[in-house]
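Note sheet for the following structure.
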C-alpha cells in the first residue's frame, strides 16, 4: 500500500466531546477528546506521509476503504464510491467504529502505525440512577449541543423532520429554542383526494402551535419508489425496515432541496431528525401486512435488545445517506446523549409508556398534550384508516427484502449474494484497519 | 471447554430456538446455517447473544464475518479459541 486517497464527499461532522462541537474535517483530536467523542464524526487527514482516520464510537458517520489500483488505499463514505473507483465490493471493508488510526506510509513497505479503540459506549453496568436524574442529564446535554450548533450555524435554514411523534416533536422544541429559521417538514403519501394521514394532521397542528413554518412533502407511491436506488446505495442497506425509512428520507430530502432552490436565499440548510431515539428506547415492534410479519426483532430482554439496536447503528445510513445525496447535512439530535440513555433502568425499558414518561420529563408542556396521547404511527406502516404506507407500497409491487438485496447487489457489482452476508451481519459491517488482512 | 461439548450446546440452542424439525435429515453441524435458512438475519443476533451468555465470550467482528461462523462446528471452534485466548474476545477489547 502506498498512500491514501479520499473518493467522493465524506459525511458532515457533528461531533461532541467535552462540551464542545467538532465539525471540522481535520483529525486534530487529542487522545482524551477521542475517548469522549460522541455524535456523528468521521475524518481522514493526511500530512507529511502520515494519515489519521477517526470514526465515532456509534459509527454514525461512515468510512469504508479498499485497496485501489497501484496499491493506494481508497477511502469513501459509501461502498459504491469505491466500486465506481474500480474496487471490488468483496474487497471493501469498513473502518471500525470507535477507532482512531494513525498510519505512517513507509516507502517501499506496508503501512505501520497505531490503532486506538475508544470502545463502544456501554454504560450498562451503571443502571442505578433514577429516570428523573437521567432525563435531566439527557435534556442538559441536548440543550448544550443545540446551543453550540446554533452558534456555528446561526444563519442556517433549519428543517426539522416532523412525523407527529414524540421524538421529532422534542427535536422541534429544541430547534425552536436555539435556531432562528426553522421549518417543520412532514412526509405523507398522496391519498387520491382523501384526507391527509393522522401524522400529517398532527405535524401541521404542532408546527402551528410551535410557531414554525411548515413544509408538507407529499408524494405518490411511484414518486416514492423513484428513490429506491438512492435509498439502497446511500442508505448502504437492503434490510426492508431501513430501506423503507430511507425512502421516506429521500422524499423529504428532495422536497427540502426543492424548497431551498425555490427560496434562493443561498443560506446553508441543515436537517434535524429525531432518529436514534427509537434505538435508545427500544421503541420498535414487528408489523403485520397481508398476513405476514415484517420488521421482526430479536427475542432478547429489553436491555439486551437496546444494546443490540444501539450497536446496530453502526450499520445502515438510512438518515444521513439519503439527505447527504441531496447535499443536505443531517443532524441526529439525540446522538450525544447515548451514554445516559444506556443508563436507563431495565424495568423502565420494559414500560410501555417509557417514551411518553421520558419525553414529559425532558420537555414537559413545551410539547402539547395531544402529541403525548396520540397513537404512534410509522410512515413505513401508514395510517390506520387508509392502511397504506411505504411497506404496503413496496410489498404490493413485489419489492420485498429479497428483491432489495438483489438490487443492492446489482448496484455494487456483486454476483454472489453470499458476499452480502459477509459484508453485513448481525448489525455489523465487515471492518478492518487499512493494512490489516481482510477477514 | 471442549469442542464437542460446545457444539452440542450450540446445536441444542439452534434446534430449539429456530424450531428445526427432528425429522430434518439435512440439518447437521457442518451445514451452512444462514445459506440454508436455518438462521436468518434476526436469528444471528439471538445466536450471538446466546454465545456470549452461554460461553462468556463475545465474537469479534472479523470472526463473525468469516466463513467459519456459518456452521455449528465452525462457531464451536471460534468459541473454543476465544475461551482459550480471552485477549481475542471482543469483550476483552471493549
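Chains as they are written, first to last, in the numbering used here: chain A, 694 to 1132; chain B, 1015 to 1108. Virtual Cβ for every residue (Gly too), placed ideally from N, Cα, C. Predicted, not measured: the structure shown is a model, and the values here were computed from it.
- Contact between residue 809 of chain A and residue 877 of chain A is absent: CB atoms are separated by about 40 Å, not below the 8 Å threshold.
- Taking the CA atoms as reference points, residue 793 of chain A sits about 13 Å from residue 755 of chain A.
- Close to chain B, meaning a Cβ-Cβ distance shorter than 8 Å, are the following residues of the region 974-1000 of chain A: 989, 990, 991, 992, 993 and 997.
- Taken in chain order, the complete beta strand (DSSP E) segments of 3 residues or longer contained in the region 808-892 of chain A are 850-854 and 875-882.
- Interface with chain B (8 Å Cβ-Cβ cutoff): residue 847 of chain A is excluded.
- When rounded, the separation of the alpha-carbon atoms in residue 769 of chain A and residue 758 of chain A is 6 Å.
- Residue contact check for residue 837 of chain A against chain B: no CB pair falls below 8 Å.
- Close to residue 939 of chain A, with beta-carbon spacing below 8 Å, lies no residue of chain B; the smallest spacing is near 17 Å.
- Taking 8 Å as the cut-off, the Cβ atoms of residue 1011 of chain A and residue 942 of chain A count as close.
- Taking CB atoms only, residue 1034 of chain B has no neighbour in chain A less than 8 Å away.
- Taking the CA atoms as reference points, residue 1030 of chain B sits about 15 Å from residue 1054 of chain B.
- Residues of the region 1039-1055 of chain B with a C-beta less than 8 Å from any C-beta of chain A: 1048, 1049 and 1055, listed in chain order.
- Per DSSP, residue 728 of chain A lies in no beta strand (DSSP E); the unbroken alpha helix (DSSP H) holding it starts and ends at 724-729.
- According to the DSSP assignment, residue 747 of chain A belongs to the beta strand (DSSP E) that extends over 743-748.
- For the region 1072-1092 of chain B, the set of residues with a beta-carbon nearer than 7 Å to any beta-carbon of chain A comprises 1075, 1076, 1078, 1079 and 1080, in chain order.
- When Cβ pairs closer than 8 Å are counted between the two stretches, the region 1040-1058 of chain A is seen not to touch the region 883-902 of chain A, the count staying below three.
- The beta-carbon separation of residue 864 of chain A and residue 965 of chain A, rounded to 5 Å, stays under the 8 Å limit for a contact.
- In this structure, residue 700 of chain A lies away from residue 751 of chain A, with their beta-carbon atoms at least 8 Å apart.
- At a cut-off of 8 Å between C-beta atoms, residue 724 of chain A does not count as an interface residue with respect to chain B.
- By the rule that beta-carbons nearer than 8 Å mark a contact, residue 793 of chain A does not touch chain B.
- In the DSSP secondary-structure assignment, residue 759 of chain A is bridged to A:767.
- The alpha carbon of residue 827 of chain A has as its nearest neighbour, out of A:973, A:918 and A:765, the alpha carbon of A:973.
- Taking the CA atoms as reference points, residue 882 of chain A sits about 19 Å from residue 922 of chain A.
- In the DSSP assignment, residue 709 of chain A falls within the unbroken beta strand (DSSP E) covering 707-710.
- Residue 913 of chain A is classed as exposed because its beta carbon has fewer than 16 other beta carbons within 10 Å across all chains shown.
- Per the Cβ contact rule, the region 994-1005 of chain A is not in contact with the region 1054-1061 of chain A (fewer than 3 Cβ pairs under 8 Å).
- Taken through DSSP and simplified to helix, strand or coil, residue 1019 of chain B comes out as helix.
- By the Cβ-count criterion, residue 890 of chain A is buried, with 16 or more other Cβ atoms from all chains shown falling within 10 Å of its own Cβ.
- Shown here, residue 1067 of chain A sits in coil according to DSSP, grouped into three states, outside any helix or strand.
- About 15 Å separates the CB atoms of residue 962 of chain A and residue 905 of chain A; that is not less than 8 Å, and the two are not in contact.
- The region 1048-1056 of chain A and the region 989-999 of chain A do not touch, with fewer than 3 CB-CB distances between them shorter than 8 Å.
- For residue 884 of chain A, not one C-beta of chain B is nearer than 8 Å to its own C-beta.
- Interface flag for residue 1065 of chain B against chain A is unset, since no Cβ pair is found closer than 8 Å.
- In terms of beta-carbon proximity, residue 742 of chain A stays away from the interface with chain B, with every pair separated by 8 Å or more.
- Residue-level contact check: residue 1068 of chain B does not touch chain A, since none of the beta carbons of chain A fall below 8 Å from its beta carbon.
- Taking 8 Å as the cut-off, the Cβ atoms of residue 1092 of chain A and residue 1102 of chain A do not count as close.
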